[in-house]
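474 is the number that this note's numbering gives to position 68 of the sequence shown; each next residue is one higher, with no gaps.
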Amino acid sequence: MTLSTYFFLLLVVVLSMDAFAAGLSYGIEKVRVSFVSVFIIALLSGSMLTLSQLVGNVFLCLIPDHLTKGISFSILFLLSLYKFYDALPQLHKKDAGLTTRTISRKINKEDKAVLSCREAALLAFALSVDNISAGLCTGTVSLPPIILLLVTTAIHFLAIRLGLFTGCLLSRRSSHNFAWLGAAILMLLSFVRIF
C-alpha cells in the first residue's frame, strides 16, 4: 500500500467518527437501530464520500498544486476545529444545534425507541457534510470507484455498529470521553497535506 492509501484509510476512519458518535448516542439512549437502518446510514455516508472524492480528483486537477495543498489544509484544519467543538461538550450549550448528538436526537422523532429507515437516511445526509467537504479537498487514491465505495461503506457500517455496542455498554457505566481523538487526527492530517 502506498502512503496515499494509508492516508485515505485514516481519513475514512476519522470521518466515520460522526457515525460512531451517532451510534454511541443511540446506544446510550437504548434506541433500536435495525440492520437495514445501519446499512442505509453506512451506504449513504460511503456514497457521499466516494462521490465527493471522485469530483475532488477532477476539481484538484484544475487548480495549481500549491493552491491545492492550501485548500486541502484549510478545509481539513477547519473541519478538525469543528470536531474539537463537537467532541468537547464544555465548549457549547447542552442542546447546541450543531453537534452530532443534538442532530441525532432531532432526527429521531417518530418513535423514540426505534430509528426508522427514513430517519436513518436523514441522519446519513446530516453526517455526510464533513465527508463531502473532506472528499472534495483530498481527492482519491488510485483505487477503482467500486472499491472506494465498498471500503468507505464498510468502515462507516463498522463505526455505527461499534458506536451502538459501546453506547449500550456505557449506558450501564460511565467512561471517559475520547471523541477529541478523531479531531486531533484530522488536524494532524491537515498538516500532512501541506508537505
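Positions of the beta carbon are idealized from the N, C-alpha and C atoms, including for glycine.
Contact between L570 and G462 fails: their C-beta atoms lie close to 30 Å from each other, not under 8 Å.
In this structure the stretch 529-549 touches the stretch 444-461; the number of beta carbon pairs closer than 8 Å is three or more. Membership of E435 in any alpha helix (DSSP H) is not indicated, and neither H nor E is assigned to it by DSSP.
Taking C-beta separations shorter than 6 Å and ignoring five residues to either side along the sequence, the partners of T558 in its chain run V418, G452, L455 and T456, following chain order. Less than 8 Å divides the Cβ of H562 from the Cβ of S422. Taking 8 Å as the cut-off, the beta carbon of V442 is found no closer than this to the beta carbon of C543. For R524, the uninterrupted alpha helix (DSSP H) run begins and ends at C523 to L533, by DSSP. Judged by DSSP in its simplified three-state form, V520 adopts strand. Each residue's CA atom was taken as its position, placing S480 and S596 some 7 Å apart. In the three-state reduction of the DSSP assignment, I552 falls in the helix class, which pools H, G and I.
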